[in-house]
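Colleague: Provided herewith is a single structure, encoded as structure tokens, for subsequent inquiry.
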């Protein structure tokens, strides 16, 4: 089954404690992105990657890091989480071919930073 | 930069009736994609319908159809024969044609659709 898998689904942590949210896709997609969703703001892109070792900032990259060492994986790293990073996070992937821009979303990770 | 505006934070419709959700966007591009995503209480993002800007014909998927007005930069979603399972948050999104999917989508703030039984 084609899917984007995020882990964990729920996470409660404390300010300053480094964490990683993993994202993996099994569709051999070139493109992967991270979004955060906040009430009244919709989804905003954090970082994206066009292929292995190619990443770039989205609209709200501050406080986040990403890496793309393998095509299927695109982890989101919070080196020193702060309460304003409490949010719902989505990973998404899409193809470079004719179906580009149809983004497949993971189930989301709800993060609370205390 | 592109912007997407959904002017209706919340809409309510009787079951079996028709409802239209509004979306306007701003772009200087001539080729792009527009999407409607549904987010039920499970929080999963589900693609409802997709429209390519170069196509004049409005996209349709079963009970869901769009009214795409390129000159007016308007992209409304019509849901016919509303069902209880249609209750969700609906997001309108813009995607660039060039650069591929990695450029990401620009989302509106969402419209919460309530279905009255």
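Residue numbers (our numbering), protein chains in the order written: chain U, 2 to 115; chain B, -1 to 115.
Even glycine gets a Cβ: it sits at the ideal position worked out from N, Cα and C.
A quick note: this is a predicted structure, and the numbers were derived from the prediction, not measured.
For residue 79 (chain B), which of B:69, B:3 and B:16 has the nearest alpha-carbon?
Modeller: Among B:69, B:3 and B:16, the Cα nearest to that of residue 79 (chain B) is on B:16.
Colleague: To the nearest angstrom, how far is it from the Cα of residue 46 (chain U) to the Cα of residue 52 (chain B)?
Modeller: Straight-line Cα distance between these residues: approximately 25 Å.
Colleague: Between the beta-carbon of residue 74 (chain B) and the beta-carbon of residue 20 (chain B), is there less than 7 Å?
Modeller: A contact, by the Cβ cut-off of 7 Å.
Colleague: How close, in whole Å, do the beta carbons of residue 108 (chain U) and residue 37 (chain U) come, if the pair is a contact with beta carbons under 8 Å?
Modeller: The pair is not a contact, with the Cβ atoms about 15 Å apart (cut-off 8 Å).
Colleague: Going by DSSP in three states, residue 43 (chain U) sits in which element: helix, strand or coil?
Modeller: It is a strand residue.
Colleague: Taking all protein chains shown into account, do 16 or more other C-beta atoms lie within 10 angstroms of the C-beta of residue 32 (chain B), making it buried, or fewer, making it exposed?
Modeller: So residue 32 (chain B) counts as buried.
Colleague: Checking contacts by CB at 7 Å: is residue 85 (chain U) closer than that to chain B?
Modeller: Cβ-Cβ to chain B under 7 Å: no for residue 85 (chain U).
Colleague: Short of 6 Å in beta carbon distance, which residues of its chain neighbour residue 72 (chain U), apart from the five on each side in sequence? Order them along the chain.
Modeller: Excluding residues within five positions, the ones whose Cβ falls inside 6 Å are 53.
Colleague: Is residue 12 (chain U) close to chain B, meaning its C-beta is less than 7 Å from at least one C-beta of that chain?
Modeller: No, residue 12 (chain U) does not count as interfacial toward chain B.
Colleague: Quick one, are the C-beta atoms of residue 84 (chain U) and residue 21 (chain U) less than 7 Å apart?
Modeller: No, they are not a contact pair.
Colleague: Here's the rule I'm using: 16 or more other beta-carbon atoms within 10 Å means buried, otherwise exposed. How should residue 13 (chain U) be labelled?
Modeller: Exposed.
Colleague: Along the region 74 to 92 of chain B, what residues have a CB closer than 7 Å to any CB found in chain U?
Modeller: Taking 7 Å as the Cβ-Cβ cut-off against chain U, the residues of the region 74 to 92 of chain B that qualify are 89.
Colleague: Name, going along the chain, the residues of the region 39 to 66 of chain B whose beta-carbon falls closer than 7 Å to a beta-carbon of chain U.
Modeller: So the list reads 41, 42, 43, 45 and 48, given in the order they occur along the chain.
Colleague: Between U:113, U:19 and U:95, which has its C-alpha nearest residue 74 (chain U)'s C-alpha?
Modeller: Checked all of U:113, U:19 and U:95; the closest Cα to residue 74 (chain U) is U:95.
Colleague: Taking the alpha-carbon positions, what's the residue 67 (chain B) to residue 104 (chain U) distance?
Modeller: Cα-Cα distance, rounded: 23 Å.
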